[in-house]
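> This structure is in structure tokens; I'll ask about it shortly.
Numbering (the working numbering), first residue to last: 164 to 423.
This is the structure we're talking about:
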């Protein structure tokens, strides 16, 4: 799924103006099992009625049905033409390894982070437990000083208490670690849910017109087309062959020889 295409999520169900650069004209299988003409449009912008960009790069590409409105433009659409049109934004479910892998990676990253957090906590906790010996040694030295008359009992008791209190306060915070682990887990789950197994498409193109009609090269001229041509499968396949040949940089003469 295009990373940009999520920009269409907030526009589901709306009919909006868009512009897009033609990539190719070809055919894809329809739900009925046959084939129908489609356009690959690239660099899609949301535009106003005059073709001025108001929301750039809503997606890098989208496939659209070449419907009667496309054929109603009156002449052949060629690669690198820029069209403007209205379309309805619709969602559809997908099963895509790239999205699934991203979702799995988010969870695995959280697990790895939590494993590191727990490992560091465990090391700190074991170090803290071992430091009890230092407390015992310090308090034993203070006791010896008391017995030698260097310090009095009250001072010894205060030193002993301070050492024990310092030890207790240095205990690694297991509750905080657990809270951080839960935070990471919940954050990962939320991010996983945001990577939806859904994509967005543009349907029912209307008001199709040229925003920029590219000047053709190498002897190519545009064929006239009409809404009636959409049902002439041999003709639409011929248009597709022309689209691919032109896109691949063939001259018209070269295409004519190839066609024969």
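For every residue, glycine included, the Cβ atom is placed at its ideal position computed from N, Cα and C.
Here the structure is a predicted model, which is why all the values come from computation and not from measurement.
Under the three-state reduction of DSSP, which class applies to residue 378: helix, strand or coil?
In the three-state DSSP reduction, residue 378 falls in the coil class, being neither helix nor strand.
> Of all the options 398, 372, 376 and 284, which has the alpha carbon lying nearest to the alpha carbon of residue 343?
284
> Taking 9 Å as the threshold (C-beta atoms), are residue 388 and residue 402 in contact?
yes
> Taking only runs that begin and end inside the segment 228-259, name each unbroken alpha helix (DSSP H) of 4 or more residues, in chain order.
List check, alpha helix (DSSP H) in window: 231-234.
> Quick one: Cα of residue 353 to Cα of residue 213, how far?
40 Å
> For residue 276, collect the residues of the same chain with a Cβ closer than 7 Å to its Cβ; drop the 5 residues on either side in sequence, then sort them by chain order.
These residues qualify, in order along the chain: 347.
> From residue 251 to residue 393, what distance separates their C-alpha atoms?
21 Å
> Look up residue 359 in the DSSP assignment and say whether it is helix, strand or coil.
coil
> Can at least three beta-carbon pairs, one atom from the segment 354-363 and one from the segment 262-277, be found at a separation below 8 Å?
yes
> Excluding sequence positions up to five away, which residues of its chain have a Cβ less than 6 Å from the Cβ of residue 398?
392
> If we ignore side chains and look at the alpha-carbon of each, how far apart do residue 164 and residue 186 end up?
Note on residue 164: pLDDT 47, under 50, position unreliable in the model; no value is reported.
> Determine the extent of the alpha helix (DSSP H) in which residue 295 is found, giving its start and end residues.
Here the alpha helix (DSSP H) through residue 295 covers 295-310.
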